[in-house]
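Enquirer: Residue numbers (our numbering), protein chains in the order written: chain A, 1 to 220; chain E, 1 to 638. This is the structure I have questions about; it appears just below.
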Amino acid sequence: MSHVSPVVQRLRITFGKAGPLKYTSSLDVAKIWERLLRRAELPLLYTQGFNTRPRIQLAMPLPLGISSECEILDISLRERIDFVERDLTEQLLAVSPQGLTIEAIDEVDVRASALHSRVESAEYRIRFADGISRDALRQKIEGIMSRETIIVERKRKRKRSVMDVRPLIVALHIDEDEDLIAHLSVGDRGNMRPDHLIELLGLDDRHHSIHRFKLHLLPA
Amino acid sequence: MPSIESSLDRFLLQVEKPGRYVGGEYNSVVKDWREIDIKVALAFPDVYDLGMSNLGIMNLYNQVNLQPDMLAERVFSPWLDMEAVMRRADIPLYSLETKHAIRDFDLLGISLPYEQLYTNALNLLDLAGMPVLSRERDERHPLVIAGGHACYNPEPMADFIDAFVIGEGEEIIVEIAQLIGRMRGQSRDAQLREIARIQGMYVPRFYDVEYHDDGTIRSVLPNTPDLPARVLKRIVVTLPKPFTKFIVPNIDTVHNRAPIEIMRGCTRGCRFCHAGMVTRPVRERPVAEIMAAIDEIVRHTGFEEISLLSLSSSDYAWVEQLAEEVNREYKDAGLSLSLPSLRIESASADLLEKIGGTRRSGFTFAPEAATEKMRDLINKYVPDDQVIQTAREVYSRGWRTIKFYFMIGHPEETLEDVQAIVDLCLRTLNEGTKILGKKATLNVGVSTFIPKPHTPFQWVPQDTRASVNAKLALLKRQLRRGGMHLRWNNFDDSEFEGWLSRGDRRLGRVIRRAWELGCKFDAWQDQHRHDLWLRAFEECHLDPDFYNDRERGLDEVFPWDHIDAALRKKFLLDDYLMSIRRETRVDCRDKCFACGILPKFAKERSNTEDLAWECPPVTPISQRRASQQDTIPLSAIG
Numbered sequence: 001m002s003h004v005s006p007v008v009q010r011l012r013i014t015f016g017k018a019g020p021l022k023y024t025s026s027l028d029v030a031k032i033w034e035r036l037l038r039r040a041e042l043p044l045l046y047t048q049g050f051n052t053r054p055r056i057q058l059a060m061p062l063p064l065g066i067s068s069e070c071e072i073l074d075i076s077l078r079e080r081i082d083f084v085e086r087d088l089t090e091q092l093l094a095v096s097p098q099g100l101t102i103e104a105i106d107e108v109d110v111r112a113s114a115l116h117s118r119v120e121s122a123e124y125r126i127r128f129a130d131g132i133s134r135d136a137l138r139q140k141i142e143g144i145m146s147r148e149t150i151i152v153e154r155k156r157k158r159k160r161s162v163m164d165v166r167p168l169i170v171a172l173h174i175d176e177d178e179d180l181i182a183h184l185s186v187g188d189r190g191n192m193r194p195d196h197l198i199e200l201l202g203l204d205d206r207h208h209s210i211h212r213f214k215l216h217l218l219p220a
Numbered sequence: 001m002p003s004i005e006s007s008l009d010r011f012l013l014q015v016e017k018p019g020r021y022v023g024g025e026y027n028s029v030v031k032d033w034r035e036i037d038i039k040v041a042l043a044f045p046d047v048y049d050l051g052m053s054n055l056g057i058m059n060l061y062n063q064v065n066l067q068p069d070m071l072a073e074r075v076f077s078p079w080l081d082m083e084a085v086m087r088r089a090d091i092p093l094y095s096l097e098t099k100h101a102i103r104d105f106d107l108l109g110i111s112l113p114y115e116q117l118y119t120n121a122l123n124l125l126d127l128a129g130m131p132v133l134s135r136e137r138d139e140r141h142p143l144v145i146a147g148g149h150a151c152y153n154p155e156p157m158a159d160f161i162d163a164f165v166i167g168e169g170e171e172i173i174v175e176i177a178q179l180i181g182r183m184r185g186q187s188r189d190a191q192l193r194e195i196a197r198i199q200g201m202y203v204p205r206f207y208d209v210e211y212h213d214d215g216t217i218r219s220v221l222p223n224t225p226d227l228p229a230r231v232l233k234r235i236v237v238t239l240p241k242p243f244t245k246f247i248v249p250n251i252d253t254v255h256n257r258a259p260i261e262i263m264r265g266c267t268r269g270c271r272f273c274h275a276g277m278v279t280r281p282v283r284e285r286p287v288a289e290i291m292a293a294i295d296e297i298v299r300h301t302g303f304e305e306i307s308l309l310s311l312s313s314s315d316y317a318w319v320e321q322l323a324e325e326v327n328r329e330y331k332d333a334g335l336s337l338s339l340p341s342l343r344i345e346s347a348s349a350d351l352l353e354k355i356g357g358t359r360r361s362g363f364t365f366a367p368e369a370a371t372e373k374m375r376d377l378i379n380k381y382v383p384d385d386q387v388i389q390t391a392r393e394v395y396s397r398g399w400r401t402i403k404f405y406f407m408i409g410h411p412e413e414t415l416e417d418v419q420a421i422v423d424l425c426l427r428t429l430n431e432g433t434k435i436l437g438k439k440a441t442l443n444v445g446v447s448t449f450i451p452k453p454h455t456p457f458q459w460v461p462q463d464t465r466a467s468v469n470a471k472l473a474l475l476k477r478q479l480r481r482g483g484m485h486l487r488w489n490n491f492d493d494s495e496f497e498g499w500l501s502r503g504d505r506r507l508g509r510v511i512r513r514a515w516e517l518g519c520k521f522d523a524w525q526d527q528h529r530h531d532l533w534l535r536a537f538e539e540c541h542l543d544p545d546f547y548n549d550r551e552r553g554l555d556e557v558f559p560w561d562h563i564d565a566a567l568r569k570k571f572l573l574d575d576y577l578m579s580i581r582r583e584t585r586v587d588c589r590d591k592c593f594a595c596g597i598l599p600k601f602a603k604e605r606s607n608t609e610d611l612a613w614e615c616p617p618v619t620p621i622s623q624r625r626a627s628q629q630d631t632i633p634l635s636a637i638g
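Here's what the structure looks like:
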């Protein structure tokens with residue numbers, strides 16, 4: 001039996017989640033995409049077996065409640081399509097739920113490595129709805145960034161462990177809109193959730209919204 | 001005051017599954033609130049995850065939204081955590097589509113397919129900022145209507161609902177919305193007077209109930225001129241084209257698939273079956289219509305699973321042709337189809353194999369009873385050998401799991417009859433083990449029979465706690481073994497359903513009191529507070545046993561007798577007496593037993609194609625004289 005990959009074309013869709021969709025979990029977003037792609041009548045490649053599903057892959061789970069403009073989805077097709085010619089962006093938007101945006105569509109090598117293994121860090125914009133003084137925020141940031149280690153206790157599957165999360169905070173700054181911009185590690189090598197950062201800053205009692213605007217990938 | 005939407009954003013991350021409360025799903029219909037005249041809110045009084053799987057609500061949503069001057073928006077019960085947030089933050093009950101307060105709608109339609117939703121319905125009214133009592137609301141509030149199978153006995157909810165839809169709602173919902181638009185500004189009483197004139201609408205405030213000293217009913221009579229003594233249910237003569245633009249949820253839901261109703265009604269005449277009695281006549285869809293609907297659903301929704309629904313799929317006249325066509329079109333399309341409610345016969349294995357999709361759902365059959373006596377009594381006859389042979393057929397084709405449904409607590413059932421259920425299950429699993437070894441499994445679901453209004457068993461007492469628990473103990477003792485999985489209902493839940501099923505108008509006080517005491521989500525076993533319900537009965541000086549444990553007199557007036565499901569009471573009574581004599585009735589497609597449907601809907605029948613209904617065609621007398629072959633004369637029916 002030969003092992004020729006049935007994947008003829010692989011497309012990488014960069015999409016956003018806003019509005020009601022930010023309350024949908026990553027697992028459910030995958031389902032939304034399966035159905036959306038079926039509605040768009042793309043020549044999807046399906047997995048083998050009884051519970052056959054389209055071969056699609058999401059890059060990095062986004063915690064519930066966070067909006068984004070940089071989610072990545074790879075889809076495998078069994079027939080080549082000219083996605084520019086047929087204006088795939090418009091075609092997908094026409095069958096999308098409210099709050100889904102399409103930021104970019106690119107073709108990638110069919111043999112490119114699994115997406116999630118390449119995600120290194122992400123940048124978030126954190127806005128405090130009721131405002132917070134620039135000085136107070138700056139002080140809090142400096143309090144975090146000046147520490148050499150930040151040891152926290154983590155519980156995972158009933159196992160307690162301690163770890164240093166300081167290296168997972170790549171950078172923090174305040175932008176011209178008084179928003180907190182946080183650059184944090186994500187992925188298998190160490191994951192820092194933005195809500196965890198807000199806790200460390202002692203600001204979790206303030207109403208805030210979080211938006212992920214950039215994923216940093218390791219080179220393929 | 002902050003808008004509902006901005007308040008939500010503040011609080012939604014504090015609750016479980018916030019996706020339940022935000023809308024925005026593909027195919028949800030968002031119309032311009034300012035441009036549309038008539039606003040209808042459609043409520044399913046349980047959580048989003050359950051309500052979104054309800055085909056009835058979706059049908060109504062579609063029918064209303066098809067009207068250019070109307071909009072329909074959805075609302076579901078907030079789960080406990082969300083309710084706490086809403087009450088704390090003063091967020092009124094709102095619609096998912098445009099986040100408008102339910103109070104700002106013209107019409108609120110509440111779906112009541114089963115009795116366990118009653119307290120949730122009250123809670124919805126309260127969360128909407130409205131008095132729960134119909135009498136305390138007026139034309140400044142939305143008109144509150146309810147429909148669904150439980151409403152065939154509307155009396156327990158009569159204090160709370162302004163008007164009930166009796167029967168099928170697809171057409172009537174639009175008529176009511178139009179009327180409300182036309183009569184805006186007039187008094188609620190005047191509006192309801194007009195609504196009561198629409199065939200199929202029941203307005204409880206225009207009907208007075210008189211009781212005997214023993215608590216049974218003396219009479220239920222209209223107190224307003226020109227209203228019918230009995231409210232005849234509404235039917236659609238032919239099923240409207242199947243709905244295909246299903247809302248695709250953004251979060252996981254209970255069923256999360258698209259249903260197509262292939263047939264409405266059932267000709268089998270099982271005596272315990274409420275649905276089989278109240279959904280007559282049987283109306284079937286042409287295969288071509290179903291195939292077109294499957295195609296549209298795939299294109300409009302992208303759903304990977306479609307369920308072909310009916311009360312008895314094997315009885316759908318063109319079921320084999322349907323299976324063939326589905327097999328030809330969708331065998332390799334990554335689409336899973338299911339065909340539940342099949343008869344226990346080997347042909348069912350063939351059908352399911354063709355339709356596919358059974359890998360997920362498995363084979364489900366409902367023998368209901370396991371002795372000749374009980375099968376005759378309930379008028380559902382399936383011989384043991386046929387059960388075994390079907391099981392053999394299924395297991396030998398490589399399916400590992402079969403699911404059986406049984407019902408205990410039928411009249412005259414003894415422990416020997418329940419022992420026979422055990423024996424049949426053991427024999428069945430044994431067949432499976434012979435073929436598949438230890439891989440064969442049998443799941444057994446046992447429910448407790450609850451006598452329902454408008455059925456031949458409406459006279460019988462419900463089985464008692466001691467008796468049901470003894471039967472369950474026997475099943476649990478003997479069916480606990482490898483390869484066998486037993487599921488059952490708690491008696492508390494069955495007892496509770498029994499009270500409300502055959503309840504009268506006095507139960508309104510009990511329902512209200514139970515809700516005040518904190519009862520809600522009664523359909524959830526871990527939420528149902530039986531103790532609080534018993535307390536509510538006590539505080540209202542009503543005896544719960546009056547509703548469940550009493551054998552009703554053959555001439556007793558029932559609380560639902562003024563609701564006309566188009567079944568003659570004489571037909572139901574004859575059938576009940578036959579059951580006592582262990583006499584059965586065949587499928588009514590083979591012989592019409594004059595249940596009452598035909599004379600009640602003679603005009604509708606004669607205007608419908610012969611093949612559209614399973615009831616015999618009604619032909620004018622002149623033509624009947626001319627050809628006397630197959631048709632059954634009306635005189636034999638009336």
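No residue lacks a Cβ here, since even glycine has one placed at the ideal position from N, Cα and C.
Let me confirm a value: Lys-331/E is counted as buried when at least 16 other C-beta atoms fall within 10 Å, else exposed. Which label applies?
Expert: Numbered from 1 along the second sequence, position 331 holds the residue referred to as residue 331/E. The residue in question, Lys-331/E, is exposed, as its Cβ has fewer than 16 Cβ neighbours within 10 Å.
Enquirer: Around the C-beta of Met-52/E, are 16 or more other C-beta atoms found within 10 angstroms, so that it is buried, or is it exposed?
Expert: Your numbering for residue 52/E matches position 52 in the second sequence. Flag for Met-52/E reads buried.
Enquirer: Give the residues of chain E in contact with Gly-16/A, contact being defined as C-beta atoms less than 9 Å apart.
Expert: As a position in the first sequence, residue 16/A is number 16, starting the count at 1. What Gly-16/A touches in chain E: nothing, since even the nearest Cβ is about 14 Å away.
Enquirer: With distances taken Cα to Cα, identify the nearest neighbour of Thr-98/E among Thr-584/E, Ala-258/E, Glu-25/E and His-274/E.
Expert: Taking the first residue of the second sequence as 1, we reach residue 98/E at position 98. Ranking Thr-584/E, Ala-258/E, Glu-25/E and His-274/E by Cα distance to Thr-98/E puts Glu-25/E first.
Enquirer: When we look at the beta-carbon of Arg-154/A and count the other beta-carbons within 10 Å, is it buried (16 or more) or exposed?
Expert: Position 154 of the first sequence, counted from the first residue, corresponds to residue 154/A. Exposed.
Enquirer: Could you say which of Leu-77/A, His-116/A and Ile-151/A lies nearest to Val-162/A if we only look at CA atoms?
Expert: Against the first sequence, residue 162/A aligns to sequence position 162. Nearest of Leu-77/A, His-116/A and Ile-151/A to Val-162/A, Cα basis: Ile-151/A.
Enquirer: Kindly identify the DSSP beta-bridge partner or partners of Leu-143/E.
Expert: As a working mapping, residue 143/E is identified with position 143 in the second sequence. Paired residue(s): Leu-107/E.
Enquirer: Residue range of the beta strand (DSSP E) that Val-444/E falls in?
Expert: Start at 1 with the first residue of the second sequence, and residue 444/E comes out as number 444. Run containing Val-444/E: 441 to 448, per the beta strand (DSSP E) assignment.
Enquirer: So, are the CB atoms of Ala-514/E and Thr-119/E less than 8 Å apart?
Expert: Within the second sequence, residue 514/E is the residue found at index 514, counting from 1. Within the second sequence, residue 119/E is the residue found at index 119, counting from 1. Against a cut-off of 8 Å, the Cβ pair of Thr-119/E and Ala-514/E comes out as a contact.
Enquirer: Spell out whether any CB of chain A is found under 8 Å from the CB atom of Asp-647/E.
Expert: Only positions 1 to 638 of chain E appear in this structure, which leaves residue 647/E out of reach.
Enquirer: So Ile-32/A contacts chain E; which residues on that side make the cut at Cβ distance below 7 Å?
Expert: One-based indexing of the first sequence puts residue 32/A at position 32. Simply Asn-250.
Enquirer: Pull up the distance between the alpha-carbon of Ser-113/A and that of Ser-76/A, whole angstroms please.
Expert: Here residue 113/A corresponds to residue number 113 of the first sequence, with the count starting at 1. Here residue 76/A corresponds to residue number 76 of the first sequence, with the count starting at 1. In a straight line, the C-alpha of Ser-113/A is about 13 Å away from that of Ser-76/A.
Enquirer: Report the option in Gly-362/E, Glu-497/E and Leu-108/E whose CA atom is closest to the CA atom of Ala-146/E.
Expert: Position 146 of the second sequence, counted from the first residue, corresponds to residue 146/E. Nearest of Gly-362/E, Glu-497/E and Leu-108/E to Ala-146/E, Cα basis: Leu-108/E.
Enquirer: Quick one: is Val-95/A near chain E, going by C-beta distance under 8 Å?
Expert: Taking the first residue of the first sequence as 1, we reach residue 95/A at position 95. Yes, its Cβ sits closer than 8 Å to a Cβ of chain E.
Enquirer: Assign Trp-533/E to one of three DSSP states: helix, strand, or coil.
Expert: If you number the second sequence from 1, residue 533/E lands on position 533. Helix at Trp-533/E.
Enquirer: Identify every residue that forms a DSSP beta bridge with Ala-182/A.
Expert: The count along the first sequence starts at 1 and reaches residue 182/A at position 182. Partner(s): Tyr-124/A and Leu-172/A.
Enquirer: Do His-149/E and Ala-275/E count as a contact pair if the criterion is CB distance below 8 Å?
Expert: Along the second sequence, read from residue 1 onward, the residue named residue 275/E stands at position 275. Along the second sequence, read from residue 1 onward, the residue named residue 149/E stands at position 149. Yes, Cβ-Cβ distance for Ala-275/E and His-149/E is below 8 Å.
Enquirer: Tell me which residues share the same chain as Ser-606/E and place their Cβ nearer than 6 Å to its Cβ, disregarding the 5 neighbours each side in the sequence.
Expert: For the purposes of this step, residue 606/E is taken as residue 606 along the second sequence, with counting starting at 1. Closer than 6 Å at the Cβ level, and outside the excluded window around Ser-606/E, lie Val-618.
Enquirer: Give a yes or no on whether the minimum CB-CB distance between Pro-61/A and chain E is below 8 Å.
Expert: Working through the first sequence from its first residue, we reach residue 61/A at position 61. Judged by the 8 Å Cβ criterion, Pro-61/A is not in contact with chain E.
Enquirer: Taking C-alpha atoms, which residue in Ser-95/E, Pro-281/E, Ile-580/E and Met-70/E lies nearest to Pro-599/E?
Expert: Position 599 of the second sequence holds residue 599/E. Of Ser-95/E, Pro-281/E, Ile-580/E and Met-70/E, the residue nearest in Cα terms is Pro-281/E.
Enquirer: Could you give the residue range of the alpha helix (DSSP H) that holds Cys-425/E?
Expert: In the second sequence, counting from the first residue as 1, residue 425/E sits at position 425. Per DSSP, Cys-425/E belongs to the alpha helix (DSSP H) from 415 to 436.
Enquirer: Tell me, please, whether the CB atom of Tyr-26/E is closer than 8 Å to any CB atom in chain A?
Expert: Taking the second sequence and counting its residues from 1, the one referred to as residue 26/E is at position 26. Yes, because at least one Cβ of chain A sits closer than 8 Å to the Cβ of Tyr-26/E.
Enquirer: Closest by CA to Asn-489/E, which one among Asp-423/E, Ile-408/E and Val-510/E?
Expert: Stepping through the second sequence from its first residue, residue 489/E is reached at position 489. For the residues Asp-423/E, Ile-408/E and Val-510/E, the minimum Cα distance to Asn-489/E belongs to Ile-408/E.
Enquirer: By Cβ distance, which residues of its chain are closer than 7 Å to Arg-39/A, with the 5 residues on each side in sequence left out?
Expert: Reading the first sequence from its first residue, position 39 is the one you call residue 39/A. Closer than 7 Å at Cβ, skipping near neighbours: Val-95.
Enquirer: Using alpha carbons as the reference points, say which of Val-586/E, Asp-587/E, Ser-28/E and Tyr-48/E lies closest to Asp-252/E.
Expert: Within the second sequence, numbered from 1, the residue matching residue 252/E stands at position 252. Per the Cα distances, Tyr-48/E.
Enquirer: Does DSSP classify Thr-14/A as helix, strand or coil?
Expert: In the first sequence, counting from the first residue as 1, residue 14/A sits at position 14. In the structure shown, Thr-14/A sits in a strand (DSSP, three-state: E or B).
Enquirer: So, Arg-193/A versus Pro-43/A, is the Cβ gap smaller than 8 Å?
Expert: As a working note, residue 193/A is residue 193 in the first sequence. As a working note, residue 43/A is residue 43 in the first sequence. In this structure, Pro-43/A does not lie closer than 8 Å to Arg-193/A by Cβ.
Enquirer: List the residues of chain A that Pro-18/E touches, going by C-beta distances under 8 Å, in chain order.
Expert: As a working mapping, residue 18/E is identified with position 18 in the second sequence. The answer, in chain order, is Tyr-23, Leu-64 and Gly-65.
Enquirer: Quick one: which chain A residues come within Cβ less than 7 Å of Val-22/E?
Expert: Position 22 of the second sequence, counted from the first residue, corresponds to residue 22/E. Result: Pro-20 and Tyr-23.
Enquirer: Return the residues of the segment 398 to 410 of chain E that lie within a Cβ-Cβ distance of less than 9 Å from chain A, sorted by chain order.
Expert: Those would be none; no residue qualifies.
Enquirer: By how many angstroms is the C-alpha of Pro-616/E removed from the C-alpha of Gly-265/E?
Expert: Locating residue 265/E in the second sequence gives position 265, counting from the first residue. Locating residue 616/E in the second sequence gives position 616, counting from the first residue. Cα to Cα, Gly-265/E sits roughly 15 Å from Pro-616/E.
Enquirer: Residues of chain E with CB closer than 7 Å to the CB of Arg-78/A, please, in chain order.
Expert: Stepping through the first sequence from its first residue, residue 78/A is reached at position 78. Per Cβ cutoff of 7 Å: no residues; Arg-78/A is ~12 Å from chain E at best.
Enquirer: With 16 as the cutoff for other CB atoms within 10 Å, does Gln-48/A come out buried or exposed?
Expert: Within the first sequence, numbered from 1, the residue matching residue 48/A stands at position 48. Per the 10 Å Cβ criterion, exposed.
Enquirer: In chain order, which beta strand (DSSP E) runs of at least 3 residues are fully inside the segment 123 to 197 of chain E?
Expert: Correct list: 143 to 147 and 163 to 165.
Enquirer: Over what stretch of residues does the beta strand (DSSP E) that includes Phe-406/E continue unbroken?
Expert: As a first step, residue 406/E must be located in the second sequence, where it is residue number 406. Here the beta strand (DSSP E) through Phe-406/E covers 401 to 408.
Enquirer: Compare the C-beta of Phe-457/E against all C-beta atoms of chain A and say whether one is closer than 8 Å.
Expert: Taking the first residue of the second sequence as position 1, residue 457/E is located at position 457. By this cut-off, Phe-457/E is not an interface position.
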